[in-house]
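Have a look at the structure below before the remarks.
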Amino acid sequence: MMSHLTASCLGSEFVQIIVGPELEEFFVHKTFIRSSCDFFERAFNGRFKESVKNKMFLPEDDPEVFEIFVNWMYSGHLRGGLKEAMLIIDIWIFAQKCQAITLKNCAMNALQDALGNEQMGRFPLSNSEVMRIYENTEWDDELRVFAVAMLTWEIQFGDQEDVDNLESIFEEVNGSFEEASLFTEELEGQPAADPRVRGGRFDKCAFHEYNDNEQYICLAAVNSHQYRSIL
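Numbering of the sequence shown is given in the UniProt record's numbering, commencing with residue 1 and proceeding in unit increments.
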């Protein structure tokens, strides 16, 4: 736990979150989880049964993803070494569900890092990863736009294996070919940019969401997993 999290700011009341089909239990500070995002603020505030009983069931969510969320909530950053793209995608989807905007942005950075690691090499999105994204996003969601930008880049610059993978994706994932084609048209003959590269032709915050009621300064250039709000 970070040193700034004192007993007074955490409070003494806990809530029980039961996650996944195996009903894995998590106990977290009620005040803190309420402040983490709108989803839990609404659930544990007022007369909702979750607030009265201090208990919530999330049977459709992944305990591993929720554990990462809890660690992020207390520490203020995602744990290091997240390299599995599907897991990071699931973190983003969970954050979208909860409207945890900062966590979404952290997950987006982590996904770019995992797919564009200079030491390990650059990786495309797999069929299953693109499918997961399309099944859980709308056309204008930041993660979906990132996926379409990736497909567009691979059309122009991917090797033969990437091209073969693209053909499979376009056959299996409804709407992916149409959206990649539209993205290509909007380039108006310009070469596609690699969306895994933050601070290149894509701004460091190109695939981030911002709260309309607050101004955010992205600290991606300093620490890709930390953000602060300016009141």
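For every residue, glycine included, the Cβ atom is placed at its ideal position computed from N, Cα and C.
None of these values were measured; they are calculated from a predicted model.
Alpha carbon to alpha carbon, how far is residue j from residue i? Give it in angstroms, no decimals.
i, j, result
"Phe123", "Leu111", "11 angstroms"
"Glu13", "Lys30", "6 angstroms"
"Glu60", "Glu67", "14 angstroms"
"Ile17", "Glu84", "25 angstroms"
"Phe40", "Gln190", "44 angstroms"
"Phe27", "Val15", "6 angstroms"
"Asp90", "Glu142", "14 angstroms"
"Gln160", "Leu151", "14 angstroms"
"Leu23", "Glu50", "16 angstroms"
"Ser75", "Glu185", "43 angstroms"
"Glu214", "Val130", "Residue confidence is low: Glu214 scores 48 on pLDDT, short of 50, so the model does not pin down where it sits. No coordinate-derived value is stated."
"Ile88", "Gly81", "11 angstroms"
"residue 232", "Ala193", "For the chain, the structure presents residues 1 to 231; residue 232 sits outside this window and is missing."
"Leu166", "Ile93", "23 angstroms"
"Tyr134", "Asp203", "23 angstroms"
"Asp162", "Glu154", "7 angstroms"
"Pro195", "Asn117", "13 angstroms"
"Arg144", "Phe207", "9 angstroms"
"residue 237", "Gly199", "This structure does not reach residue 237, given that the chain is present from 1 up to 231, and the question cannot be answered."
"Gly11", "Val173", "46 angstroms"
"Glu188", "Gln156", "14 angstroms"
"Trp139", "Phe183", "12 angstroms"
Let's see if you can read the secondary structure: which residues bound the beta strand (DSSP E) around residue i?
i, result
"Gln99", "Here Gln99 belongs to no beta strand (DSSP E), and DSSP marks it neither H nor E."
For residue i, write down the residues that DSSP places opposite it in a beta bridge.
i, result
"His29", "Phe14"
"Lys104", "DSSP, once it has assigned bridges, lists no residue as partnering Lys104."
"Met56", "Ile17"
"Asn109", "The partner list for Asn109 (beta bridge, DSSP) is empty, contrary to what the question assumes."
"Glu24", "Val19"
Please check the pair residue i and residue j, which I expect to be a contact at CB under 8 angstroms, by giving their CB distance rounded to whole angstroms.
i, j, result
"Asp104", "Glu209", "In the sequence under discussion, the amino acid at residue 104 is Lys, which differs from the Asp named in the question. Indeed, because the Cβ distance is near 6 angstroms, the residues count as touching under 8 angstroms."
"Gln99", "Asp38", "5 angstroms"
"Met86", "Ile33", "About 25 angstroms separates the two Cβ atoms, so there is no contact after all."
"residue 255", "Val148", "Past the boundaries of the shown model lies residue 255; the chain is included only from 1 to 231, so the question cannot be answered."
What are the boundary residues of the alpha helix (DSSP H) that includes residue i?
i, result
"Pro63", "63 to 75"
"Asp38", "38 to 43"
"Phe177", "176 to 186"
- Quick one: which unbroken alpha helix (DSSP H) runs of 4-plus residues sit fully inside the segment 126 to 168? Chain order, please. Entirely contained in the segment 126 to 168, the alpha helix (DSSP H) runs reaching 4 residues are, in chain order, 127 to 135, 142 to 157.
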